[in-house]
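Undergrad: Each residue of the sequence shown is one higher than the one before, starting from 2 at the first, in my numbering.
My questions will all concern the structure given below.
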Amino acid sequence: MKKSNAVTLEELNAGKVKKEKNKEYNLLEFFKNKLAINLIVCICICIVITLISIFSAVGNIKELDTIPDGNLKAEITNRLEMNILTLVAAIVPYLYMPYLGLAAYMYNEVVGLGFVIVKYGWLVGVLRYILPFTLNIISICLIVSVGVYLAKIHTARFIINRKNTMNFTTFRIRVYQMLKKQEKADVLAKKQENKTKKMEKRIEKVDWKNVCIFVIGGLLLQIISTLIQYLLV
Numbered sequence: 002m003k004k005s006n007a008v009t010l011e012e013l014n015a016g017k018v019k020k021e022k023n024k025e026y027n028l029l030e031f032f033k034n035k036l037a038i039n040l041i042v043c044i045c046i047c048i049v050i051t052l053i054s055i056f057s058a059v060g061n062i063k064e065l066d067t068i069p070d071g072n073l074k075a076e077i078t079n080r081l082e083m084n085i086l087t088l089v090a091a092i093v094p095y096l097y098m099p100y101l102g103l104a105a106y107m108y109n110e111v112v113g114l115g116f117v118i119v120k121y122g123w124l125v126g127v128l129r130y131i132l133p134f135t136l137n138i139i140s141i142c143l144i145v146s147v148g149v150y151l152a153k154i155h156t157a158r159f160i161i162n163r164k165n166t167m168n169f170t171t172f173r174i175r176v177y178q179m180l181k182k183q184e185k186a187d188v189l190a191k192k193q194e195n196k197t198k199k200m201e202k203r204i205e206k207v208d209w210k211n212v213c214i215f216v217i218g219g220l221l222l223q224i225i226s227t228l229i230q231y232l233l234v
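Below, the structure written as structure tokens:
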């Protein structure tokens, strides 16, 4: 008797649920393993920048004659451009440029908070701006976390690719060899090899699917936070 290849409705549903669970698991694991620590670091940086600069920002704004009116379209455009530039900066090796983008963004954000405080006072101003301010921080920190994730991979690849090219470490090794100081040359070569192995462990295939999900999520959150800001402020 020929065996039936029919699939029951229960099996189809079970497969669908399993597929959805795997998708959720991969997304959560990517966030936990690749972004979570960077996100926490970025949030801490934002808090420190806010606490350090808010009082001076309010003082400087009070010296202005007028408070400029905001433009919603221009504000959304500027914020999205800064987010995207912060992400693109991840292609620069070593420097971790996304962190500089975070600092620049937070400077503008603190100034924005300062204008609200000057306009409404400390208590009312903070209460009005606390929600969009928090969402703005989360959105930029998410973007920067993705940027740092990409920067680490790009930096590791850059170091591996230039391993055999002339650089300062290779030059020093050659000089030691020419001076017949083979022991120092071997020590330096060992350090270079250890560094290369460490970089090789960082090299991985970029999870573009999850990267796109979190980038789009961060940009959408930025738009939502800006809309809330204009409704409340």
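Note that beta-carbon positions come from the ideal geometry of N, C-alpha and C, so glycine has one too.
Nothing here was measured: the structure is a model prediction, and the numbers come from that model.
Please specify which runs of the alpha helix (DSSP H), each continuous and at least 4 residues long, are wholly inside the region 82 to 141, giving them in chain order.
TA: Within the region 82 to 141, the complete alpha helix (DSSP H) runs of at least 4 residues are 98 to 121.
Undergrad: CA-CA distance, residue 54 and residue 194?
TA: If you take the alpha carbons of residue 54 and residue 194, they lie about 43 Å apart.
Undergrad: To the nearest angstrom, report how far apart residue 108 and residue 225 are at their CA atoms.
TA: When rounded, the distance between both Cα atoms is 20 Å.
Undergrad: Based on Cα-Cα distance, which residue from 75, 153, 127, 140 lies nearest to residue 92?
TA: For residue 92, the nearest C-alpha among the options comes from 153.
Undergrad: Could you pull out every residue in the same chain whose Cβ sits closer than 8 Å to the Cβ of residue 227, ignoring the five residues on either side in sequence?
TA: Same-chain partners within the cutoff: 73, 76, 77, 80, 133, 137.
Undergrad: Shortest alpha-carbon distance to residue 115 belongs to which of 51, 45, 94?
TA: Nearest C-alpha to residue 115: 51.
Undergrad: Please go through the same chain and pick out, in chain order, the residues whose beta-carbon is closer than 6 Å to the beta-carbon of residue 219, but skip the five residues on each side of it.
TA: Counting only Cβ-Cβ distances below 6 Å, and skipping sequence neighbours, we find 140, 143, 144.
Undergrad: Go ahead and pull the three-state DSSP assignment for residue 216.
TA: Helix.
Undergrad: Assuming residue 1 and residue 87 make a contact with CB atoms under 8 Å, what is their CB distance in whole Å?
TA: Nothing about residue 1 can be reported from this structure: the residues present for the chain run from 2 to 234 only.
Undergrad: Thinking just about the alpha-carbon of each residue, which of 159, 130, 99, 95 is nearest to the one in residue 46?
TA: Considering only alpha carbons, the answer is 99.
Undergrad: Verify whether the separation of the beta carbon atoms of residue 95 and residue 149 is less than 8 Å.
TA: In this structure, residue 149 does not lie closer than 8 Å to residue 95 by Cβ.
Undergrad: What do you get for residue 110, buried or exposed, if any count of 16 or more other CB atoms within 10 angstroms of its CB means buried?
TA: By the neighbour-count rule (16 or more Cβ atoms within 10 Å), residue 110 is buried.
Undergrad: Quick one: is residue 129 buried, meaning 16 or more other Cβ sit within 10 Å of its Cβ, or exposed?
TA: Residue 129 is buried by the Cβ-count criterion.
Undergrad: Checking 8 Å against the spacing of the C-beta atoms, do residue 214 and residue 40 come in under that value?
TA: Not a contact, by the Cβ cut-off of 8 Å.
Undergrad: Which of the three DSSP states, helix, strand or coil, is assigned to residue 22?
TA: Summary for residue 22: the model assigns pLDDT 49, below 50, so the residue's position carries little reliability, and this model does not support an answer.
Undergrad: Round the Cβ separation of residue 49 and residue 118 to the nearest angstrom and send it over; I've been treating them as touching at under 8 Å.
TA: About 19 Å; that fails the 8 Å criterion.
Undergrad: On the three-state DSSP scale, how would you describe residue 52?
TA: Helix, per DSSP.
Undergrad: If you draw a straight line from the C-alpha of residue 230 to the C-alpha of residue 123, how long is it?
TA: Going from the Cα of residue 230 to the Cα of residue 123 covers about 16 Å.
Undergrad: Count the other C-beta atoms from every protein chain shown that fall within 10 angstroms of the C-beta of residue 34, then say buried if there are 16 or more, exposed otherwise.
TA: Its Cβ having fewer than 16 others within 10 Å, residue 34 is exposed.
Undergrad: Considering only their Cβ atoms, is the gap separating residue 31 from residue 211 smaller than 8 Å?
TA: Yes; because the gap between Cβ atoms is below 8 Å, this pair is in contact.
Undergrad: State the Cα-Cα distance for the pair residue 208 and residue 151, rounded to the nearest angstrom.
TA: Their Cα atoms are separated by approximately 10 Å.
Undergrad: Beta-carbon within less than 6 Å of residue 102's beta-carbon, same chain only, minus the 5 sequence neighbours each way: which residues are those?
TA: Here the set comprises 87, 90.
Undergrad: Since residue 221 contacts residue 147 with CB under 8 Å, what's their CB separation in whole angstroms?
TA: That pair is no contact at about 14 Å.
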